[in-house]
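The next block holds one structure in the form of structure tokens; read it before the comments.
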Amino acid sequence: MALTAELNTPARGIVEQIALPMKAATKIYKGDLVVLADGFAIPAAVDEDLLAVGRAHATVDNAGADGALSITVDQGVFFWNGDSSFSSSPPDIAAAVYIGGDGLVSTTSTNNSKAGVVEGLEGAGAWVRSSLTLSTLL
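Going by numbering that gives the first Met the number 0, 46 is the number at position 47 of the sequence shown; the sequence numbering is gapless.
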């Protein structure tokens with residue numbers, strides 16, 4: 000299900016920013032996990048061919064063509080809530096986690112793209128490092 004409002008997604012440590020072109024007719028809310036699909040930024044979704052790049056710095060609504068607008072993406076370590084797979088099998092530190100939907104990470108790899116690498120666990124979620132450079136190495 001797509002987000003309908005901004006997320007308060009905490010960060011820790013140093014955050015670096017990059018600007019990425021957005022997919023046509025796409026709205027990405029502040030705080031959401033941003034991924035690349037065919038070279039254009041879109042909100043995270045459950046799909047196996049996406050490249051996680053970080054957290055949306057602000058809400059951007061690209062009502063135009065591919066690349067008509069760009070979005071600033073924060074790269075670094077962010078806290079994402081876990082989906083239902085977290086309660087039954089929490090990930091290990093330094094393990095990859097996967098996109099579980101809008102604002103969620105999952106330990107389920109089947110049909111899911113990687114969201115990043117776990118740097119800490121807290122409650123029902125994880126501190127996950129997400130960046131364009133890291134995603135290309137995973």
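Virtual Cβ for every residue (Gly too), placed ideally from N, Cα, C.
What you are looking at is a predicted structure, and each value in this text was computed from that prediction instead of being measured.
Query                                                                                                 : Result
Continuous alpha helix (DSSP H) assignments of at least 4 residues falling wholly in the region 61-87 : 84-87
Cβ neighbour criterion (16 or more within 10 Å) applied to Q74                                        : buried
S129 in three-state terms, based on DSSP                                                              : strand
Backbone CA spacing between A44 and S108 [nearest angstrom]                                           : 13 Å
Cβ-Cβ distance between G53 and L68 below 9 Å                                                          : no
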